[in-house]
Amino acid sequence: MVNLAIARLLVFGNVQGVGFRAYVKQIARNMRINGFARNLDDGSVEIYAQAAKQEINSFAGRLSIQGDPENPLSLHVARIEVIFEDDERFVKPYRELAAFEIDYGRPLGIENKESIEKAEIATLMMHSLISKTDSFRKETSQNFKNLENTLGSKTDSFRKESNQNFKRLEDTLGSKTDSFRKESNQNFKNLENTLGSKTDSFRKESNQNFKNLENTLGSKTDSFRKETGQNFNKLDIKYGSVSSALKSIGSGIKGMSGSIKQSNKLLVQIAKRFDAH
Numbered sequence: 001m002v003n004l005a006i007a008r009l010l011v012f013g014n015v016q017g018v019g020f021r022a023y024v025k026q027i028a029r030n031m032r033i034n035g036f037a038r039n040l041d042d043g044s045v046e047i048y049a050q051a052a053k054q055e056i057n058s059f060a061g062r063l064s065i066q067g068d069p070e071n072p073l074s075l076h077v078a079r080i081e082v083i084f085e086d087d088e089r090f091v092k093p094y095r096e097l098a099a100f101e102i103d104y105g106r107p108l109g110i111e112n113k114e115s116i117e118k119a120e121i122a123t124l125m126m127h128s129l130i131s132k133t134d135s136f137r138k139e140t141s142q143n144f145k146n147l148e149n150t151l152g153s154k155t156d157s158f159r160k161e162s163n164q165n166f167k168r169l170e171d172t173l174g175s176k177t178d179s180f181r182k183e184s185n186q187n188f189k190n191l192e193n194t195l196g197s198k199t200d201s202f203r204k205e206s207n208q209n210f211k212n213l214e215n216t217l218g219s220k221t222d223s224f225r226k227e228t229g230q231n232f233n234k235l236d237i238k239y240g241s242v243s244s245a246l247k248s249i250g251s252g253i254k255g256m257s258g259s260i261k262q263s264n265k266l267l268v269q270i271a272k273r274f275d276a277h
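This is the structure we're talking about:
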């Protein structure tokens with residue numbers, strides 16, 4: 001059989017008017033601990049608990065809620081004193097310890113007790129929500145601050161690395177551009193010299209070829225002119241002979257024409273004579 005112990009717990013901090021007693025009752029009922037809780041005039045909460053020592057110590061640990069000590073609306077347990085009945089400081093409870101209840105300091109009906117407990121539970125939930133919201137806000141602010149610091153550091157590092165890389169790229173491109181420009185200038189100069197030399201050679205060869213062609217054509221033209229002149233001279237001589245022959249033929253034809261005319265006259269006379277007979 002489990003030996004039950006009785007302990008008096010004194011809870012200090014911001015524990016009144018924030019729904020703490022309702023929270024204590026819920027924990028005690030869940031752990032099957034008998035006793036009660038009430039507010040003291042010094043602002044603390046007095047709790048009597050009956051259970052095994054180990055259970056009472058565990059119960060006390062679950063009551064240690066950390067809130068914002070600067071916020072009067074935040075439930076905050078500063079410290080808990082646990083005094084068991086074998087301690088000389090122990091004060092016996094003034095009432096029997098049965099199912100855990102809240103002692104409001106005056107007799108209340110069941111409906112009034114339930115209304116007050118519901119109000120305390122609502123207050124506790126509201127404070128819990130506020131506490132979680134504040135905690136979330138603080139954590140979020142801290143996380144954003146950490147993120148800002150991290151991003152700021154990484155951004156600075158990235159900017160420095162980027163600047164360094166661009167500088168290296170600029171130096172590399174500048175060096176390669178200078179080298180390319182020098183090589184291009186040299187190549188164009190070499191090309192110019194090569195083309196100039198070939199152009200001079202081509203011009204000289206062309207001039208020589210045209211001169212040779214001119215000499216050849218001039219010689220052939222002179223020969224053609226001489227031959228043509230001789231041919232025309234020969235033609236003139238032949239044409240003179242032909243002309244003389246044609247003149248002789250013309251004279252002969254004229255003579256024949258006269259003879260023909262005389263013959264015609266004789267024939268006419270003869271014909272007339274035949275007609276007369």
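In this text, residue positions in the sequence shown follow full-length UniProt numbering: the first is 1, and each later residue adds one.
For each residue, glycine too, the CB sits at the ideal point set by N, CA and C.
Roughly how many angstroms separate the alpha carbons of residue i and residue j, rounded to a whole number?
i	j	result
N185	G196	16 angstroms
T123	A5	32 angstroms
K53	P69	30 angstroms
G57	Y94	For the sequence presented, residue 57 should be read as Asn rather than Gly. Taking the straight line from one Cα to the other gives about 22 angstroms.
F202	N187	22 angstroms
V77	F84	20 angstroms
Residue i: buried (16+ other C-beta within 10 angstroms of its C-beta) or exposed?
i	result
E120	buried
residue 332	Outside the shown range of the chain (1 to 277) lies residue 332, about which nothing can therefore be said.
N14	buried
R137	exposed
G35	buried
E205	exposed
L173	exposed
S74	buried
L266	exposed
V11	buried
V91	exposed
V268	exposed
Which stretch, first to last residue, makes up the alpha helix (DSSP H) that contains residue i?
i	result
Q26	20-30
Q50	Premise fails: Q50 lies in the beta strand (DSSP E), 45-51, not in any alpha helix (DSSP H).
Nearest to residue i by CA position, among the options, is which residue?
i	options	result
I80	R159, V45, E101, D87	V45
P72	Q16, F136, M125	Q16
N3	I33, A51, G43, V11	A51
F100	I47, S219, E111, K167	I47
R8	M126, E88, L169, F202	E88
L97	A49, F166, F158, Q262	A49
F59	G43, H76, A78, R32	R32
List the endpoints of the continuous beta strand (DSSP E) containing residue i.
i	result
A37	34-39
G13	5-14
A78	76-84
Consider the Cβ of residue i: report whether some Cβ of chain D lies at a distance smaller than 9 angstroms.
i	result
L40	No chain D is part of this structure, which consists of one protein chain only.
Segment contact, 8 angstroms Cβ cut-off, at least three pairs: the segment 36-51 with the segment 138-148: no
How about the segment 61-73 and the segment 9-21: do they share at least three Cβ pairs that are nearer than 8 angstroms? yes
On the three-pair Cβ rule with 8 angstroms, is the segment 129-138 touching the segment 27-36? no
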